[in-house]
Amino acid sequence: MSEVTILKMGENIIVPIQVELHDRAALKLQEDILKKIEETGSSGLIIDVSAVSVVDSFLGRLLGETAKMAGLIGAETVLVGMKKEVVITLIQLGMVIKDLHTAINIEDGMALLERLKSGKSARIGSLNGK
Amino acid sequence: MENKTEMNVGEISVMSDEDVILARQRVRLQAQETGFTLLNQTKLVTAVSELARNLVVHARGGKVSVFKTKAGDKTGLKVVFEDKGPGIPDVERAMQEGFSTIGSMGLGLKGAKRLVDEFDIKSFPGKGTTVTITKWL
């Protein structure tokens, strides 16, 4: 079974999904991602879905949940490269993936990650100030 | 009276997660060959993914049959999902359920219906379910 590579780049984790994932493989990937974030203490996660041609309700929900889980262990998530056909299909499928940040490519995704991270620390800063 | 012809172009036994991927790939190949736009290919294959998953999750497996279909001057693909599972006692209610109910069969049915042109479901509690979808070029 082909594995999805999880790359560490500085403070961030990058996961390019290059293969068609069946449900069990997708669940395992979610587990591996969270484990990697925990092990490395990463503060950012980029999931690159530019090579994914089909995102159904299972994968859609899984991506949303992964971002939420990553958030709970201190990492912001950005989904990058979603194909427009996939976007249109997800909307028509009735899938609402809430609170998931997206970007066109990894470069934009990294920039967005930095903005999200600095936004977070600014909020915490002001709370302490009060 | 419209001239309607059908040609079986594939049958896949779907018993596991991996088989769902196989079914998707087979349908995608057929959709490409038939000449669907990338958007319509994506919609059809996504619908297939939802319905094939139901076979594994709710029915302990089933069969997916793919037909090339012509009606008048329309060309399309028809995909049939058959299982001998527990059946759906209230099909209408299953169709109404949205994504808020995780694990419910409605998750696949309602969404899949929106992605295709024709959708039919026959279910007999205790005997099984057959879902038929058609997408025209």
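Here the protein sequences line up with chains A and B, keeping their order.
According to this note's numbering, the stretch in the first sequence is residues 37 to 166, in order.
According to this note's numbering, the stretch in the second sequence is residues 425 to 561, in order.
All C-beta atoms, glycine included, are put in the ideal place defined by N, C-alpha and C.
Cβ distance (whole Å) where residue i is taken to contact residue j below 8 Å
{"i": "residue 89 of chain A", "j": "residue 461 of chain B", "result": "Contact doesn't hold; Cβ gap of about 13 Å is too wide."}
{"i": "residue 83 of chain A", "j": "residue 115 of chain A", "result": "5 Å"}
{"i": "residue 101 of chain A", "j": "residue 79 of chain A", "result": "Actually they are not in contact, since the Cβ atoms of residue 101 of chain A and residue 79 of chain A sit about 19 Å apart, beyond 8 Å."}
{"i": "residue 130 of chain A", "j": "residue 538 of chain B", "result": "7 Å"}
{"i": "residue 53 of chain A", "j": "residue 85 of chain A", "result": "6 Å"}
{"i": "residue 66 of chain A", "j": "residue 98 of chain A", "result": "6 Å"}
{"i": "residue 505 of chain B", "j": "residue 488 of chain B", "result": "6 Å"}
{"i": "residue 81 of chain A", "j": "residue 106 of chain A", "result": "5 Å"}
{"i": "residue 441 of chain B", "j": "residue 59 of chain A", "result": "5 Å"}
Status (buried if at least 16 other CB within 10 Å, exposed otherwise) for residue i
{"i": "residue 558 of chain B", "result": "buried"}
{"i": "residue 454 of chain B", "result": "buried"}
{"i": "residue 548 of chain B", "result": "exposed"}
{"i": "residue 525 of chain B", "result": "Low confidence applies here, because residue 525 of chain B scores a pLDDT of 45, under 50, leaving its location unreliable; read the following figure in that light. Result: exposed."}
{"i": "residue 533 of chain B", "result": "buried"}
{"i": "residue 37 of chain A", "result": "Model confidence at residue 37 of chain A stands at a pLDDT of 41, short of 50, so the residue's coordinates are unreliable and nothing is read from them."}
{"i": "residue 57 of chain A", "result": "buried"}
{"i": "residue 553 of chain B", "result": "buried"}
{"i": "residue 479 of chain B", "result": "buried"}
{"i": "residue 41 of chain A", "result": "exposed"}
{"i": "residue 121 of chain A", "result": "buried"}
{"i": "residue 43 of chain A", "result": "exposed"}
Residue-level contact to chain B via CB, residue i, 7 Å cutoff
{"i": "residue 108 of chain A", "result": "no"}
{"i": "residue 60 of chain A", "result": "yes"}
{"i": "residue 125 of chain A", "result": "yes"}
{"i": "residue 128 of chain A", "result": "yes"}
{"i": "residue 156 of chain A", "result": "no"}
{"i": "residue 86 of chain A", "result": "no"}
{"i": "residue 90 of chain A", "result": "yes"}
{"i": "residue 39 of chain A", "result": "no"}
{"i": "residue 93 of chain A", "result": "yes"}
{"i": "residue 121 of chain A", "result": "yes"}
Contact under 7 Å by Cβ, residue i with residue j
{"i": "residue 92 of chain A", "j": "residue 470 of chain B", "result": "yes"}
{"i": "residue 139 of chain A", "j": "residue 148 of chain A", "result": "yes"}
{"i": "residue 491 of chain B", "j": "residue 427 of chain B", "result": "no"}
{"i": "residue 540 of chain B", "j": "residue 486 of chain B", "result": "no"}
{"i": "residue 484 of chain B", "j": "residue 444 of chain B", "result": "no"}
{"i": "residue 518 of chain B", "j": "residue 474 of chain B", "result": "no"}
Proximity winner among the options, relative to residue i (alpha-carbon distances)
{"i": "residue 513 of chain B", "options": "B:504, B:551, B:476 and B:497", "result": "B:551"}
{"i": "residue 430 of chain B", "options": "B:483, B:474, B:499 and B:480", "result": "B:499"}
{"i": "residue 436 of chain B", "options": "B:507, B:456 and B:519", "result": "B:507"}
{"i": "residue 451 of chain B", "options": "B:459, B:472 and B:443", "result": "B:472"}
{"i": "residue 560 of chain B", "options": "B:501, B:444 and B:445", "result": "B:501"}
{"i": "residue 73 of chain A", "options": "A:103, A:87, A:61 and A:60", "result": "A:103"}
{"i": "residue 463 of chain B", "options": "A:150, A:136, A:127 and A:137", "result": "A:127"}
{"i": "residue 45 of chain A", "options": "A:77, A:110 and A:134", "result": "A:77"}
C-beta neighbour in chain A for residue i, strict 7 Å
{"i": "residue 468 of chain B", "result": "no"}
{"i": "residue 555 of chain B", "result": "no"}
{"i": "residue 509 of chain B", "result": "no"}
{"i": "residue 517 of chain B", "result": "no"}
{"i": "residue 437 of chain B", "result": "no"}
Any non-hydrogen atom of the ligand COA within 6 Å of residue i CB
{"i": "residue 490 of chain B", "result": "No copy of the ligand COA occurs in the structure displayed, which carries no ligand at all."}
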